[in-house]
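All remarks here apply to the structure that follows.
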Ligand SMILES: CCCCC/C=C\C/C=C\C/C=C\C/C=C\CCCC(=O)SCCNC(=O)CCNC(=O)[C@H](O)C(C)(C)COP(=O)(O)OP(=O)(O)OC[C@H]1O[C@@H](n2cnc3c(N)ncnc32)[C@H](O)[C@@H]1OP(=O)(O)O
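Residue numbers (the UniProt record's numbering): 1 to 225.
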């Protein structure tokens with residue numbers, strides 16, 4: 001398959017938007033803005049040293065927002081967060097927003113910028129590196145109509161501290177397949193510096209392990225059955 005440029009309108013799983021369980025009204029950019037705003041709050045709280053009064057007032061505001069959003073609570077199959085494949089970060093805020101520039105059937109590359117919220121003290125927190133690798137390796141392992149697979153392991157090597165607030169390049173490679181096992185490799189660079197590399201194993205799920213999967217991730221069952 002040719003290289004596929006991932007854009008906001010044509011991502012690798014764009015057919016998912018034809019899924020009848022995905023009403024197009026969910027594709028509002030207001031939700032993207034909401035996610036960005038939440039990331040901004042995470043970063044601002046981390047970077048701040050508010051007075052007790054300011055912290056208390058801010059906490060009350062945030063709890064009020066949480067209560068208001070609770071009125072819109074839905075089940076996991078209906079939520080938007082994590083399922084906006086067209087957005088860097090998929091509309092979730094656990095993982096730093098990964099901008100995917102290219103996904104082919106055997107390679108993927110992207111960019112990520114990590115702020116102080118994900119800091120492990122003047123460098124990226126060591127737990128965040130596997131999150132980013134899992135994100136890009138999982139996308140590649142499950143791209144191009146391959147049947148669903150889940151992460152069995154991620155072996156991460158930390159080669160150099162990953163700097164904050166600068167763009168890091170992330171690459172993934174489909175290294176091979178043996179039956180249900182898909183072997184993945186990845187690397188993260190800052191400029192010419194290798195920050196981390198990874199080897200991962202994805203296991204193709206058996207039919208009984210994929211019940212409700214298409215609903216759970218918003219992709220048509222026919223595409224990955
Ligand atoms: C509702 C389901 C949703 C599924 C969605 C999946 C992916 C989403 C896709 C894309 C998303 C893109 C971006 C999203 C970002 C992040 C991804 C989120 C998804 C995850 O975050 S996902 C969570 C973490 N992940 C798990 O929660 C897995 C827990 N786990 C299991 O569910 C089982 O463990 C399983 C199914 C992996 C295997 O179980 P099983 O029973 O089917 O397989 P079995 O034992 O038969 O092994 C078969 C052959 O694999 C070898 N093998 C197995 N495990 C090995 C290991 N660890 N090391 C070395 N070899 C291993 C055996 O040795 C044998 O090898 P051999 O055939 O040569 O003998």
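By construction, the Cβ of each residue, glycine as well, lies at the ideal position given by its N, Cα and C atoms.
These numbers were taken from a predicted model, which means no experiment stands behind them.
Annotation: residue 148 to residue 174 spans about 15 Å, alpha carbon to alpha carbon. Shortest Cα-Cα distance from residue 172 to any of 182, 59 and 65 involves 182.
DSSP, read as helix, strand or coil, puts residue 98 in strand.
95 is the residue among 118, 103, 95 and 77 whose C-alpha sits nearest the C-alpha of residue 134.
If you check the C-beta of residue 57 against ligand 1, you find no heavy atom less than 7 Å away.
For residue 74, the secondary structure class from DSSP, reduced to helix, strand or coil, is coil.
As a beta-bridge residue in DSSP terms, residue 174 pairs with 184.
In the structure shown, residue 196 falls within a strand segment according to DSSP collapsed to helix, strand and coil. Linking residue 151 to residue 53 through their CA atoms gives a straight-line distance of about 44 Å. Here DSSP, grouped into helix, strand and coil, assigns residue 104 to coil.
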